[in-house]
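Worksheet for the structure shown next.
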Amino acid sequence: MSWSLVPHLLVAGITNGSIYALIALGYCLIQNATGLVNFAQGEFVMLGAMIVIWLHNGLQIPIPIAFPISILLVAAVGMALEQGPIRRSRNRDVLTLVMITIGASISLRGASMMLWGKGSRIFPSIGGDSPFIFLDAAILPQSLWIMGFSVLVLALLYFFFHRTLVGKAMRAVSDNRLGAALIGISANRLTALAFAVSGSLGALAGILVTPITSMSYDGGLMLGLKGFSAAILGGYGSVPGAVLGGIVLGVMESLGAGLISSAYKDAIAFLLLLAILFVRPAGLFGKIHVRRL
Amino acid sequence: MAEIERKVDRNNPQIAFVPSNWKALIAFSAAVMLLPLFFRNDYFYLFFNILALNAIVVLGLNLLIGSTGQVSLGHAAFYGLGAYISAISSTTFHLPLIVSLFVALALVALASFLLALPTLRLEGHYLVMATLGFNIIVCICLGQMENLTGGPSGFPGIPKLHLGPWGITTDRQFYYFIWTSFIVLFTLTLNLTGSRVGRALAAIHEKELTAKTLAIPTYGYKVAIFVLSAVYAAFAGFCYAHYVTFISPKTFDIFYSVQIVTMVAVGGMGSLWGGLAGTALLSSLPEVLHQLEDLQVLLYGIILMAVLVGCPNGLFPAMAAYGAGAGSKLRGWIAGGAREFSSGNPVKGAQFETPILQPDAPIDRGELRAASGSLLKLDGVSLSFGGLQALSDVAIHVQPGEIVALIGPNGAGKTTVLNLISGLVEPGSGTIELDGRRLSGLPPHRVAAAGIGRTFQSVQVFSGLSVLDNLLLGYHKTGRSGFVSASLRTPAERFEEEALRIKALELLKSFGLEKPAAQSVGTLSLVEQKILEISRALALSPRVLLLDEPAGGLNPRESEFLMRHIEALRSKGMGVVLVEHDMNMVMRLADRIYVLQQGRLIASGTPSEIRKDPRVIAAYLGTKKGRFTAEDAESAEEIKVKR
Chain A
-16 MSWSLVPHLL
-6 VAGITNGSIY
4 ALIALGYCLI
14 QNATGLVNFA
24 QGEFVMLGAM
34 IVIWLHNGLQ
44 IPIPIAFPIS
54 ILLVAAVGMA
64 LEQGPIRRSR
74 NRDVLTLVMI
84 TIGASISLRG
94 ASMMLWGKGS
104 RIFPSIGGDS
114 PFIFLDAAIL
124 PQSLWIMGFS
134 VLVLALLYFF
144 FHRTLVGKAM
154 RAVSDNRLGA
164 ALIGISANRL
174 TALAFAVSGS
184 LGALAGILVT
194 PITSMSYDGG
204 LMLGLKGFSA
214 AILGGYGSVP
224 GAVLGGIVLG
234 VMESLGAGLI
244 SSAYKDAIAF
254 LLLLAILFVR
264 PAGLFGKIHV
274 RRL
Chain B
903 MAEIERKVDR
913 NNPQIAFVPS
923 NWKALIAFSA
933 AVMLLPLFFR
943 NDYFYLFFNI
953 LALNAIVVLG
963 LNLLIGSTGQ
973 VSLGHAAFYG
983 LGAYISAISS
993 TTFHLPLIVS
1003 LFVALALVAL
1013 ASFLLALPTL
1023 RLEGHYLVMA
1033 TLGFNIIVCI
1043 CLGQMENLTG
1053 GPSGFPGIPK
1063 LHLGPWGITT
1073 DRQFYYFIWT
1083 SFIVLFTLTL
1093 NLTGSRVGRA
1103 LAAIHEKELT
1113 AKTLAIPTYG
1123 YKVAIFVLSA
1133 VYAAFAGFCY
1143 AHYVTFISPK
1153 TFDIFYSVQI
1163 VTMVAVGGMG
1173 SLWGGLAGTA
1183 LLSSLPEVLH
1193 QLEDLQVLLY
1203 GIILMAVLVG
1213 CPNGLFPAMA
1223 AYGAGAGSKL
1233 RGWIAGGARE
1243 FSSGNPVKGA
1253 QFETPILQPD
1263 APIDRGELRA
1273 ASGSLLKLDG
1283 VSLSFGGLQA
1293 LSDVAIHVQP
1303 GEIVALIGPN
1313 GAGKTTVLNL
1323 ISGLVEPGSG
1333 TIELDGRRLS
1343 GLPPHRVAAA
1353 GIGRTFQSVQ
1363 VFSGLSVLDN
1373 LLLGYHKTGR
1383 SGFVSASLRT
1393 PAERFEEEAL
1403 RIKALELLKS
1413 FGLEKPAAQS
1423 VGTLSLVEQK
1433 ILEISRALAL
1443 SPRVLLLDEP
1453 AGGLNPRESE
1463 FLMRHIEALR
1473 SKGMGVVLVE
1483 HDMNMVMRLA
1493 DRIYVLQQGR
1503 LIASGTPSEI
1513 RKDPRVIAAY
1523 LGTKKGRFTA
1533 EDAESAEEIK
1543 VKR
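Those protein sequence lines, which keep their order, are chains A and B. Throughout the first sequence, residue numbering follows my numbering, covering -16 to 276 in sequence. Throughout the second sequence, residue numbering follows my numbering, covering 903 to 1545 in sequence.
Right, dumping it as structure tokens:
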């Protein structure tokens, strides 16, 4: 262990943190639209990566084309999950709906294993694998892609929610579903859209992370859990909270792994999750909800 | 009913020692013991042994889902911890088996307690994620701590079970051991769900807030149930480790947790018998799908989704509903004596002509007030929600044997005052005292136990429970029996339960509700539900009763019926806070009236003072034409009656 590693660890932490932030944003969108925790979020991440691998390695489609196809396909999967099982469930109880997303998550994992096998797969990164040195830190080109895309996504989301009519309608629905419905906004369509956007965010995260870490059929589980921890850390449902929570989690995990022990890297996210639930369940940016009786 | 009215005999409680559906239990036990006659080889024993282990874990999880409405995705971890801890302590440290068992159970109980403490305090689905994360971490640790657990390659050489000098070494011996254990646990759990504790758990699942106002410590119960359900899993893990003698981390990964959850969902969440059926069905799935091992994950996912979408109450309850007719007879027999108080023919709702509650001994109210000053006292109470000042500087006092009405326009903060008193909302500043004891800051169940009973604006009854059980929830505070005595059905527990039932039936009778006692509350009319709610609050023997719009939605005849009951309560020396829009009722019942407007008290006094107060007339009663007098009230009443 050495302090000279710190700049390197910080870069790695922010890189991973950006990925967690993207996943956390997906949880956040669905939470705001429906009040549900979507357990299939991690599977969206895995699917995004696996579809690119399949298109690129199997069908020889160039990555710049495979990339958007995969994002659209996963968005469709997200929408199908909402339009299908969740919409059709006879019991509207939150517990039942959340368990349906657990079922969906297992199904997607199982289907992916059937289709693409159990092995871990990878596709090449854009810009090569040789790191360059910047201020004592070795930076992979892919890290820049990840951070760049995360910033771009944030800017787009901000524009969408604050400058477009659909985005504003979506905020209205999450604020007061019934009120929005009464002024003619179709809450159902916007919920479907939230699942689609959430799916594409997950897919993007998966595509971006795979050149560094590779992906397998069960890789979505851990990433999904970390994204959730990031969302809780930032304050569940809060967009800036999700981003900040992701970065903080990534950096803490990276420092913990580098300075303490890498074998327990994954345990850190979980311990952090429990610590927050214990100390400040509302997270960094969350609001304490007042319930009307 | 005559049977119930019999005096309680301490030595011979009427409530049975066995669960109410003991016939089915005996049939099931007999079937399990005879089943090996049909086994052709040891493979059958192996299959049924694994099934029993799964069934024990499912039983625990079902208890959790049925009572808290939350799901754990970490039961594989508790199962695994039970197995590993016992394996390590008996193999590495050479501790006796029984000590290993207790070490395993105690450590798992501790781990689950620490996990439940922060997560069960929160709403939403934090528990699912926290347990999922816990499961992943446990698997990582089991794989990493190689000197202790043997790492990914597993832990060999675990000693077999023995009961004293008798070893449990063969598949056949283990079969009898594990199924006996299961039946014992199953019986105890059935007993628990049919007890005072079980009733409280059902109430927590259905309406947690209402349960709190009935003096039920919901958080404590939820944590206790989570720990109990983890201990069930740990016991199964212990049995598993000492049966197969070799364990590896892979057995306890997240997929096993998902399998267990699927078994519960297929069987019907919260239904113990259904859970058993779900376990049997899904445990045989791998046997059917030998060749297609890879298909299992997908199949479990699809089954879980399909069952939840199509029949969220479980596959078996749904099938039972389809196979009515002959099926209903069978189920009736299985249900056995479940409805001890059912009276054959369904009885139509209560009649209003029944005698009303009579005071035991009329109390001189003037004397009471002089003796004890104010019973309930709110002083300088303020509350704001974000920027909205909901209440500012509210001071209210209630004396024993006094009905105090709280009136005001919609949104004035009347219900908020009641919520503050009952502890559902904490005041921003100010104090609330009951008989000199500070209530503000206490959790709702402690407030209720201290002597505050309440009803709600929209009736809050537990639709999943019978009328009698709803009322018995009000007596929760009176009962003492806990988890252990309820599971074992000790004579003391049965005596207590019967005494409570008799008390509850007497109370129901005084309100004319004894006939539908065994029916579901859904069959009651609105006025009957309101009366049930009031009597449930009375069962707490409160010092002060809070009534939130008792006359809302009732016709004049029903209001009249209700008013006579409330008057009777006053003469018993109880303090009553009445929030009501029906001025006829307020003017007739109230000794004093407080008027709230936009969170401030604008007037207080006797009904005749309030009626004349110009501020009240402007704010609420209405100006000019709407000036409200006693004559107006009477003519309004006449009009209503004519309609």
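Note that beta-carbon positions come from the ideal geometry of N, C-alpha and C, so glycine has one too.
Distance between beta carbons of residue j and residue i, contact taken as under 8 Å
| i | j | result |
| --- | --- | --- |
| residue 1045 of chain B | residue 1058 of chain B | Rounded, the Cβ-Cβ distance is 16 Å, inconsistent with contact. |
| residue 1435 of chain B | residue 1357 of chain B | 5 Å |
| residue 168 of chain A | residue 155 of chain A | 6 Å |
| residue 74 of chain A | residue 236 of chain A | No, residue 74 of chain A and residue 236 of chain A are not in contact; Cβ-Cβ is about 38 Å, not under 8 Å. |
| residue 975 of chain B | residue 1156 of chain B | 7 Å |
| residue 1448 of chain B | residue 1497 of chain B | Contact flag wrong, Cβ pair sits at about 18 Å. |
| residue 1303 of chain B | residue 1475 of chain B | 5 Å |
Alpha helix (DSSP H) segment containing residue i, residue limits
| i | result |
| --- | --- |
| residue 196 of chain A | 170 to 196 |
| residue 1467 of chain B | 1458 to 1472 |
| residue 1144 of chain B | 1120 to 1146 |
| residue 1064 of chain B | Here residue 1064 of chain B belongs to no alpha helix (DSSP H); instead the beta strand (DSSP E) covers 1063 to 1065. |
| residue 1480 of chain B | Per DSSP, residue 1480 of chain B belongs to no alpha helix (DSSP H); it is in the beta strand (DSSP E), 1477 to 1481. |
| residue 1046 of chain B | 1028 to 1046 |
| residue 1161 of chain B | 1156 to 1169 |
| residue 43 of chain A | Here residue 43 of chain A belongs to no alpha helix (DSSP H), and DSSP marks it neither H nor E. |
| residue 969 of chain B | 944 to 970 |
| residue 1174 of chain B | 1174 to 1185 |
| residue 1308 of chain B | Note, residue 1308 of chain B: premise wrong, no alpha helix (DSSP H); beta strand (DSSP E) at 1305 to 1309. |
| residue 206 of chain A | 202 to 217 |
| residue -4 of chain A | -11 to 17 |
| residue 37 of chain A | Where residue 37 of chain A is concerned, there is no enclosing alpha helix (DSSP H), given that its DSSP letter is neither H nor E. |
Residue i, DSSP secondary structure in three states
| i | result |
| --- | --- |
| residue 1290 of chain B | strand |
| residue 262 of chain A | helix |
| residue 1296 of chain B | strand |
| residue 1060 of chain B | coil |
| residue 1508 of chain B | coil |
| residue 1522 of chain B | helix |
| residue 77 of chain A | helix |
| residue 1195 of chain B | coil |
| residue 115 of chain A | strand |
| residue 1540 of chain B | Low per-residue confidence applies at residue 1540 of chain B: pLDDT is 44, beneath 50, and the placement is therefore not dependable, though the value from the model is reported in the following sentence. Here residue 1540 of chain B sits in helix by DSSP. |
| residue 1073 of chain B | helix |
| residue 1514 of chain B | helix |
| residue 1530 of chain B | Here residue 1530 of chain B scores only 49 on pLDDT, less than 50, and its place in the model should not be relied on; the value that follows carries that caveat. It is coil, neither helix nor strand. |
| residue 222 of chain A | helix |
Boundaries (first-last residue) of the beta strand (DSSP E) holding residue i
| i | result |
| --- | --- |
| residue 158 of chain A | Premise fails: residue 158 of chain A lies in the alpha helix (DSSP H), 148 to 158, not in any beta strand (DSSP E). |
| residue 1069 of chain B | 1068 to 1070 |
| residue 1446 of chain B | 1446 to 1450 |
| residue 1423 of chain B | Premise fails: residue 1423 of chain B is in no beta strand (DSSP E) and is neither H nor E. |
| residue 1497 of chain B | 1494 to 1499 |
| residue 122 of chain A | 120 to 122 |
Give the residues from the stretch 1015 to 1036 of chain B that approach chain A closer than 9 Å (Cβ to any Cβ), ordered along the chain. Listed by position, the residues of the stretch 1015 to 1036 of chain B near chain A (Cβ gap below 9 Å) are 1016, 1017, 1019, 1020, 1021, 1023, 1024, 1025, 1026, 1027, 1028, 1030, 1031, 1032, 1034, 1035 and 1036.
Mind listing which residues of the stretch 1137 to 1165 of chain B have their C-beta closer than 9 Å to chain A's C-betas, in chain order? The stretch 1137 to 1165 of chain B vs chain A, Cβ under 9 Å: 1156, 1157, 1160, 1163 and 1164.
Residues of the stretch 1198 to 1209 of chain B whose Cβ lies closer than 9 Å to any Cβ of chain A, in chain order: Taking 9 Å as the Cβ-Cβ cut-off against chain A, the residues of the stretch 1198 to 1209 of chain B that qualify are 1198, 1199, 1200, 1201, 1202, 1203, 1204, 1205, 1206, 1207, 1208 and 1209.
Compile a chain-ordered list of the residues in the stretch 1039 to 1070 of chain B whose CB is closer than 7 Å to at least one CB of chain A. Listed by position along the chain: 1039, 1042 and 1046.
Members of the stretch 176 to 206 of chain A that neighbour chain B once the beta carbon cut-off is set at 8 Å: Listed by position along the chain: 204 and 205.
Name the residues in the stretch 47 to 65 of chain A whose C-beta lies less than 7 Å from a C-beta of chain B; which are they? Correct list: empty, as no residue qualifies.
Please list the segments of the alpha helix (DSSP H) lying wholly inside the stretch 229 to 262 of chain A, counting only runs of 4 or more residues, in order along the chain. With a minimum length of 4 residues, the continuous alpha helix (DSSP H) runs that stay inside the stretch 229 to 262 of chain A are 248 to 262.
When Cβ atoms are compared, which residues of the stretch 145 to 174 of chain A fall closer than 7 Å to chain B? Answer set for the stretch 145 to 174 of chain A: empty.
4 or more residues per run - each alpha helix (DSSP H) lying fully within the stretch 1370 to 1454 of chain B: Taken in chain order, the complete alpha helix (DSSP H) segments of 4 or more residues contained in the stretch 1370 to 1454 of chain B are 1385 to 1390, 1393 to 1412 and 1428 to 1441.
Can you list, in chain order, the residues of the stretch 970 to 997 of chain B whose Cβ is nearer than 9 Å to any Cβ on chain A? Taking 9 Å as the Cβ-Cβ cut-off against chain A, the residues of the stretch 970 to 997 of chain B that qualify are 971, 972, 973 and 975.
Quick one, which residues of the stretch 1338 to 1370 of chain B are near chain A if we go by CB-CB under 9 Å, in chain order? The residues in question are 1358 and 1359.
Taking a Cβ distance cut-off of 8 Å, strictly less, list which residues of the stretch 1439 to 1461 of chain B are near chain A, in chain order. Cβ contacts with chain A come from no residue of the stretch 1439 to 1461 of chain B.
Residues of the stretch 14 to 27 of chain A in Cβ contact with chain B at a cutoff of 7 Å, in chain order, please. The residues in question are 20.
Return the chain-ordered ranges of every alpha helix (DSSP H) run that is complete within the stretch 1327 to 1363 of chain B and spans a minimum of 4 residues. Those alpha helix (DSSP H) runs which fall completely within the stretch 1327 to 1363 of chain B and span 4+ residues are 1346 to 1353.
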